[in-house]
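Visitor:
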Amino acid sequence: MEAPDVDVINILIVDDTPANLQLLTSLLRRRGYEVRAANSGALGLAIARATRTEVVLLDISMPEMDGFTVCEQLKSDQRTRDISVIFVSALSEVVDKVKAFAVGGVDYITKPFHVQEVVARVETHLTLRRLQQQLQAQNERLQQEMRDRLAAEAALQAANLELKRLANSDGLTQVANRRRFDEYLSQEWQHMLREQQPLSLILCDVDCFKAYNDVYGHQEGDQCLRQVAQVIDAAVKRAVDLVARYGGEEFAVILPNTVREGAQQVAQEIQASIKALALPHAASSAAPIVTLSQGIATLIPQLDEEPDQLIAAADQALYRAKQSGRDRIVVATPDS
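Read in this note's numbering, the sequence shown has 64 at position 64, and its numbers run on one by one without any break.
(1) Between Ala314 and Pro256, what straight-line distance do the alpha-carbon atoms span, to the nearest angstrom?
(2) Looking at the structure shown, is Gly217 part of a helix, part of a strand, or coil, going by DSSP?
(3) Let me know the secondary structure DSSP gives Asp170 once reduced to three states.
(4) Could you tell me which of Leu131, Glu250, Gln157 and Gly67 sits nearest to Phe181, measuring between CA atoms?
(5) Note down the Cα distance separating Ala211 from Gly171, rounded to an integer number of angstroms.
(6) Given that a residue counts as buried once 16 or more other Cβ atoms are within 10 Å of its Cβ, and exposed if not, what is Ser186?
(7) Using beta-carbon positions only, say whether Thr80 and Ala48 come within less than 8 Å of one another.
(8) Kindly indicate the opening and closing residues of the alpha helix (DSSP H) around Gln316.
(9) Output the distance between the C-alpha atoms of Leu150 and Glu140, rounded to the nearest integer angstrom.
(10) Check whether the Cβ atoms of Ile11 and Leu74 sit closer than 8 Å, and answer yes or no.
(11) What's the gap between the Cα of Glu145 and the Cα of Leu156?
(12) Beta-carbon separation of Ala176 and Val243 under 8 Å?
(13) Using the C-alpha atoms, what's the distance from Leu142 back to Pro301?
(14) So Gln174 packs on Ala229, CB below 8 Å; how close in whole Å?
(15) Using C-beta distances below 7 Å, list every residue in its chain close to Leu131, excluding the 5 sequence neighbours before and after it, in chain order.
(16) Count the other CB atoms within 10 Å of the CB of Thr333; is the residue buried (16 or more) or exposed (fewer)?
(17) Can you give me the C-alpha to C-alpha distance between Val6 and Asn160, rounded to a whole angstrom?
(18) Between the region 261 to 276 and the region 286 to 301, can you find at least three pairs of beta-carbon atoms closer than 8 Å?
(19) When DSSP labels each residue in this structure, what does Val36 get in the three-state scheme?
(20) Cβ atoms of Leu299 and Gln309: under 8 Å apart, would you say?
(21) Quick one: what's got a C-beta closer than 6 Å to Val259's C-beta in the same chain, skipping five residues either side?
(22) Do three or more CB pairs link the region 205 to 219 to the region 259 to 269 at distances below 8 Å?
(23) Is Val55 closer than 8 Å to Leu128 when the C-beta atoms are compared?
(24) Please work out which residues of its chain come closer than 7 Å, Cβ to Cβ, to Val85, disregarding the five sequence neighbours upstream and downstream, and give them in chain order.
Here's what the structure looks like:
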């Protein structure tokens with residue numbers, strides 16, 4: 001029988017009989033194993049804890065500490081619990097064999113033993129140990145691959161969400177862009193059509209913004225739009241509502257399931273928050289600070305109507321707000 005083709009394997013023999021130690025040590029060393037011998041349980045434990053032992057051939061009947069106790073201590077220690085323990089004993093009663101397996105042994109050889117049997121059992125358990133180690137390594141690789149895959153999927157999902165956010169966001173103000181506005185208005189129009197609930201739209205225009213750019217410059221103009229967008233976004237509380245940059249200095253607020261009076265309250269809060277921002281605007285004909293003109297429209301969608309009709313009504317109300325002196329809110333009425 002040939003020795004297994006493996007790296008150096010450490011085997012520990014624990015037996016208080018010198019002849020057994022010598023015979024087993026000589027036998028296993030000839031087969032290429034690294035063999036250590038201990039003539040007591042305490043010494044055997046010390047060697048096992050200090051070396052990379054893979055198999056222990058363990059006698060049971062030893063003074064001071066018997067083999068059962070040695071095995072129990074090996075199995076209770078994280079450093080040695082994976083060592084394969086093969087009992088080699090003159091005790092041949094079933095109760096002894098049962099106890100040997102109960103305390104963690106993997107095999108039991110009865111003395112007097114045949115050397116071929118000892119070698120065969122040692123090499124069988126070494127093979128099993130190698131297979132277990134390979135299986136464990138494979139499981140660890142699979143688990144790591146699964147973790148890596150989950151991490152990659154999470155990163156991909158996050159990247160897709162970020163791409164979607166970027167695709168739907170205005171680059172300057174970070175609120176929704178016109179594309180997202182059109183998409184969401186169409187979606188909520190259909191939703192409110194099915195539910196027969198009101199859909200409100202607020203169109204906001206920064207008063208005298210061209211003059212603001214002329215006086216303060218385009219960089220300050222961009223900063224003004226950013227701050228206005230933040231204020232409008234903060235004033236709109238519900239997750240179902242959408243704030244979008246409608247174009248240039250215009251912003252839009254979509255308010256699903258919101259009556260005219262509710263939209264008017266939102267517009268008033270936006271107006272108050274913009275004034276509290278108190279951005280200087282020396283070129284405005286409406287006030288010495290940045291202000292908004294706002295037009296509100298509310299419709300309960302009908303089958304023969306389109307979202308453009310809601311936009312047109314809000315736009316007409318916004319036009320009247322600007323024509324009336326700016327810095328005001330005008331609400332479209334059914335007959336306007």
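Note that beta-carbon positions come from the ideal geometry of N, C-alpha and C, so glycine has one too. These numbers were taken from a predicted model, which means no experiment stands behind them.
Guide: If we stick to the structure as given:
(1) So the two alpha carbons sit approximately 15 Å from each other.
(2) If DSSP states are grouped into helix, strand and coil, Gly217 belongs with coil.
(3) Coil at Asp170, not helix or strand.
(4) Nearest of Leu131, Glu250, Gln157 and Gly67 to Phe181, Cα basis: Glu250.
(5) If you draw a straight line from the Cα of Ala211 to the Cα of Gly171, it is about 23 Å long.
(6) Ser186 should be labelled exposed.
(7) In this structure, Ala48 lies closer than 8 Å to Thr80 by Cβ.
(8) Here the alpha helix (DSSP H) through Gln316 covers Pro307 to Gln323.
(9) Straight-line measurement puts the Cα of Glu140 at about 15 Å from the Cα of Leu150.
(10) Not in contact: Ile11 and Leu74 (Cβ atoms no closer than 8 Å).
(11) As the crow flies, the alpha-carbon of Glu145 is around 16 Å from that of Leu156.
(12) A distance below 8 Å separates the beta carbons of Ala176 and Val243.
(13) Note on geometry: alpha-carbon atoms of Pro301 and Leu142 lie some 55 Å from one another.
(14) Contact flag correct, Cβ pair sits at about 7 Å.
(15) Excluding residues within five positions, none has a Cβ falling inside 7 Å.
(16) That one is exposed.
(17) The predicted position of Val6 is uncertain, since its pLDDT is 46 and thus under 50; no value can be drawn from it.
(18) Result yes; three or more Cβ-Cβ pairs closer than 8 Å.
(19) Looking at the sequence itself, residue 36 is Arg, so the reference to Val does not match. Note: Arg36 maps to strand in three-state DSSP.
(20) Inclusion of Gln309 and Leu299 in the CB contact set at 8 Å is warranted, their separation being smaller than that value.
(21) Closer than 6 Å at the Cβ level, and outside the excluded window around Val259, lie Pro198.
(22) No, they do not touch.
(23) Between Leu128 and Val55, the C-beta gap is not smaller than 8 Å, which leaves the two residues out of contact.
(24) Result list for Val85: Val56, Leu58, Cys71, Leu74, Gly104, Gly105 and Val106, in chain order.
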